[in-house]
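Protein chains in written order, with our numbering: chain C, 1 to 114; chain W, 115 to 228. By construction, the Cβ of each residue, glycine as well, lies at the ideal position given by its N, Cα and C atoms. Note that the coordinates shown come from a computational prediction; the quantities given were computed from them, not determined experimentally. Okay, so here's the structure we're looking at.
Encoded structure:
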């Protein structure tokens with residue numbers, strides 16, 4: 001039972017353009033969401049998070065949007081850079097549980113072409 | 115400030131042997147989590163520990179797997195009588211435990227069972 005889904009296994013974008021990575025969830029108990037980036041042979045690195053009381057959070061080139069009614073969130077990267085090429089994981093935390101107990105999506109491989 | 119340290123990076127075991135994976139959390143972090151990533155999948159929560167206590171082991175297989183975080187020394191994930199299906203990347207993560215502080219991951223241990 002995949003409670004967090006990233007339906008696009010891969011995404012290819014030109015340098016300087018916007019990258020939009022999508023994530024859907026099914027568990028209405030999720031109230032905190034995070035995005036992690038992962039390079040090969042390394043652990044995931046935290047990028048940005050959003051609480052369910054907000055619908056947008058911005059940090060530099062990264063913006064996360066949350067649509068609670070649609071149970072959907074997205075990560076926008078503007079402008080995209082070749083160094084952004086990595087696997088991006090969406091993750092969620094259920095209310096009342098530890099903020100370290102994450103439910104991850106399967107990941108989306110982002111490739112940014114120079 | 116050193117990050118989360120995991121060793122070994124690669125571990126090869128024959129079926130039936132034991133695997134011991136070690137994790138030293140970031141300095142100042144008292145909350146440790148173990149995750150497993152099977153091929154082509156996202157990370158899956160296994161266990162959450164604080165010093166000398168298992169807080170949540172709901173993601174641990176019922177048999178052959180155990181984890182500890184002793185008063186002194188690293189956290190250990192132990193897999194007894196390994197089988198081929200245990201082959202995966204095992205990631206340790208830590209956080210301070212305050213508020214919604216994010217998880218910081220180590221670079222993982224890649225276990226191969228032959």
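Put simply, the backbone Cα of residue 143/W is about 17 Å away from that of residue 44/C.
Contacts with chain C (Cβ-Cβ distance below 9 Å) from the segment 161 to 193 of chain W involve 162, 169, 170, 172, 173, listed in chain order. Counting only runs of 3 or more residues that sit fully inside the segment 122 to 183 of chain W, the beta strand (DSSP E) segments are 124 to 127, 133 to 138, 145 to 151, 157 to 164, 167 to 170, 179 to 182, in chain order.
Residue pairing from DSSP places residue 14/C in a beta bridge opposite 113/C. For the pair residue 138/W and residue 167/W, the Cα-to-Cα distance works out to about 16 Å.
Proximity of residue 11/C to chain W, defined by a Cβ-Cβ separation below 9 Å, is not satisfied. Residue 86/C sits close to residue 110/C, with the two beta carbons spaced by under 9 Å. In the displayed model, residue 1/C falls within coil according to three-state DSSP, outside both helix and strand.
Among the residues of chain C, those whose CB is under 8 Å from the CB of residue 209/W are 99, 100, following chain order. The C-beta of residue 107/C comes closer than 9 Å to at least one C-beta of chain W. Between the C-alpha atoms of residue 211/W and residue 180/W there is a straight-line separation of about 22 Å.
Between the alpha carbons of residue 108/C and residue 202/W lies a distance of about 19 Å. In summary, the residues of the segment 6 to 34 of chain C whose CB is separated from some CB of chain W by less than 7 Å are 32, 34, in the order they occur in the chain. Less than 9 Å separates the beta-carbon of residue 222/W from that of residue 120/W. For chain W, the residues of the segment 63 to 89 of chain C that bring a beta carbon within less than 9 Å of one of its beta carbons are 89, in chain order.
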